[in-house]
Amino acid sequence: MGRRLLLLGPPGAGKGTQAALVCTAVGIPHISTGVMLRDHVQRGTDLGKAAKAIMDAGDLVSDEIVIAMVEDRLSWDDAACGFLLDGFPRTVAQAEALDALLGGERPLEAVISLEVIEDEVVQRLLDRAAKEGRADDNEETIRNRMAVYRSQTEPLIAYYRNADIVRPVDGMGGIGEIFGRIAAVLSAS
Ligand code: AMP
Numbered sequence: 420m421g422r423r424l425l426l427l428g429p430p431g432a433g434k435g436t437q438a439a440l441v442c443t444a445v446g447i448p449h450i451s452t453g454v455m456l457r458d459h460v461q462r463g464t465d466l467g468k469a470a471k472a473i474m475d476a477g478d479l480v481s482d483e484i485v486i487a488m489v490e491d492r493l494s495w496d497d498a499a500c501g502f503l504l505d506g507f508p509r510t511v512a513q514a515e516a517l518d519a520l521l522g523g524e525r526p527l528e529a530v531i532s533l534e535v536i537e538d539e540v541v542q543r544l545l546d547r548a549a550k551e552g553r554a555d556d557n558e559e560t561i562r563n564r565m566a567v568y569r570s571q572t573e574p575l576i577a578y579y580r581n582a583d584i585v586r587p588v589d590g591m592g593g594i595g596e597i598f599g600r601i602a603a604v605l606s607a608s
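To convert, take the position in the sequence shown, counting from 1, and add 419; that gives this note's numbering.
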């Protein structure tokens, strides 16, 4: 049976990079709401038009929109064999909706919690801003995204701790080093 994983961590923790490596290694689809939303913005869909200003400010798109997106994505055939969620859920309401979607038969089995030092993370995001020119990577937005993470998303660690599925991983260091830690945690759980 495939694996049902969630990668959790603040903006700039390297979730996207690590998610791609894990998905290749494990052979499961990478489900990133950030990637899906940016695709909508790029294609100029109604959803993309509604989401753009919110994303540029570093705020959260409505629970309703992202839950519907993930519900649809999880219904694809490839997700029947497992998946890795990246950037979703970001609120307790989203986590509850995800639990309801997955049902008791195939709950999440591990939440990899990437732990980083905030100053380091802000620097990574500023570096990415310089390289990729993402509209939500200016300093003010980055600070807001961190504040939103702390107030809305960090409570998910306690939420999943109740189910005893949180696997903390040190997110400081090189890409390969961090991936090694994640791989070790996954082979142990
Ligand atoms: P990410 O690439 O995961 O950092 O997401 C980029 C932006 O997309 C976030 O700052 C939010 O504005 C939006 N976004 C992505 N995932 C979610 C989510 N699960 N809930 C609400 N907004 C989201």
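Even for Gly, the Cβ is constructed at its ideal location relative to N, Cα and C. For clarity, every value in this text was computed on a predicted model and none was experimentally measured.
- Best match in Ser-532, Asp-497, Val-454 and Asp-555 for proximity to Glu-573 [C-alpha to C-alpha]: The residue given as residue 573 occupies position 154 in the sequence shown. With distances taken between Cα atoms, Glu-573 lies closest to Ser-532.
- Query: Comparing alpha-carbon positions, which option in Ile-473, Gly-593, Ser-608 and Ser-570 lies nearest Val-585?
  - Reply: Taking the first residue of the sequence shown as 1, we reach residue 585 at position 166. Measuring from the Cα of Val-585, the nearest candidate turns out to be Ser-608.
- Query: Are the beta-carbon atoms belonging to Leu-503 and Val-441 less than 8 Å from one another?
  - Reply: The residue labelled residue 503 in the question sits at position 84 within the sequence shown. The residue labelled residue 441 in the question sits at position 22 within the sequence shown. Closer than 8 Å, so yes.
- beta-carbon Gln-461 near ligand 1 non-hydrogen atom, thresh 7 Å: Walking along the sequence shown from the start, residue 461 turns up at place 42. Distances between the C-beta of Gln-461 and the heavy atoms of ligand 1 are all 7 Å or more.
- Query: Near Met-420, what residues of its chain come up, given a Cβ to Cβ distance below 7 Å and the 5 sequence neighbours on each side ignored?
  - Reply: Stepping through the sequence shown from its first residue, residue 420 is reached at position 1. Low confidence applies here, because Met-420 scores a pLDDT of 44, under 50, leaving its location unreliable and the question unanswered by this model.
- Query: DSSP beta-bridge partners for Asp-505?
  - Reply: Locating residue 505 in the sequence shown gives position 86, counting from the first residue. Asp-505 pairs with Leu-426 and Ser-451.
- Task: Using 10 angstroms around the beta-carbon of Gln-542, count the other beta-carbons present and answer buried if the total reaches 16, otherwise exposed.
- Result: Here residue 542 is taken as the residue at index 123 of the sequence shown, counted from 1. Exposed, because fewer than 16 other Cβ atoms sit within 10 Å of the Cβ of Gln-542.
- Got a sec, what are the start and stop residues for the alpha helix (DSSP H) Asp-491 sits in? As a working note, residue 491 is residue 72 in the sequence shown. Here the alpha helix (DSSP H) through Asp-491 covers 482-493.
- Query: Can you tell which of Met-455, Ala-582, Met-488 and Cys-500 has the C-alpha that lies nearest to the C-alpha of Pro-448?
  - Reply: Start at 1 with the first residue of the sequence shown, and residue 448 comes out as number 29. The closest CA to that of Pro-448, considering only Met-455, Ala-582, Met-488 and Cys-500, is found on Cys-500.
- Item | For Val-540, the three-state DSSP class (helix, strand or coil) | As a working note, residue 540 is residue 121 in the sequence shown. Helix, per DSSP.
- Message: Using only CA atoms, which one of Pro-430, Arg-423, Gln-437 and Ala-487 lies nearest to Gly-593?
- Response: The count along the sequence shown starts at 1 and reaches residue 593 at position 174. The shortest C-alpha separation from Gly-593 is found at Gln-437.
- Item | Start-to-end residues for the beta strand (DSSP E) that takes in Ser-532 | Along the sequence shown, one-based indexing puts residue 532 at 113. Under the DSSP assignment, Ser-532 falls in the beta strand (DSSP E) whose first and last residues are 529-534.
- Would you kindly work out how many angstroms separate the C-alpha atoms of Arg-564 and Trp-495, rounded to a whole number? One-based indexing of the sequence shown puts residue 564 at position 145. One-based indexing of the sequence shown puts residue 495 at position 76. Answer to the nearest angstrom: the Cα atoms are 30 Å apart.
- Query: What are the boundary residues of the alpha helix (DSSP H) that Arg-580 is part of?
  - Reply: Residue 580 sits at position 161 when you count from the first residue of the sequence shown. The continuous alpha helix (DSSP H) containing Arg-580 extends over residues 574-580.
- Query: If we ignore side chains and look at the alpha-carbon of each, how far apart do Arg-462 and Glu-539 end up?
  - Reply: Along the sequence shown, one-based indexing puts residue 462 at 43. Along the sequence shown, one-based indexing puts residue 539 at 120. Cα-Cα distance, rounded: 33 Å.
- Task: Alpha carbon to alpha carbon, how far is Asp-497 from Met-474? Give it in angstroms, no decimals.
- Result: Taking the sequence shown and counting its residues from 1, one reaches residue 474 at position 55. Taking the sequence shown and counting its residues from 1, one reaches residue 497 at position 78. Their Cα atoms are separated by approximately 28 Å.
- Query: Whole-angstrom Cβ separation of Gly-590 and Gly-433, contact assumed at under 8 Å?
  - Reply: Position 171 of the sequence shown, counted from the start, is the residue given in the question as residue 590. Position 14 of the sequence shown, counted from the start, is the residue given in the question as residue 433. Confirmed, Cβ separation roughly 6 Å.
- Task: Report the residue from Leu-427, Ala-470 and Val-535 whose alpha carbon sits nearest the alpha carbon of Val-511.
- Result: One-based indexing of the sequence shown puts residue 511 at position 92. Answer by Cα proximity: Leu-427.
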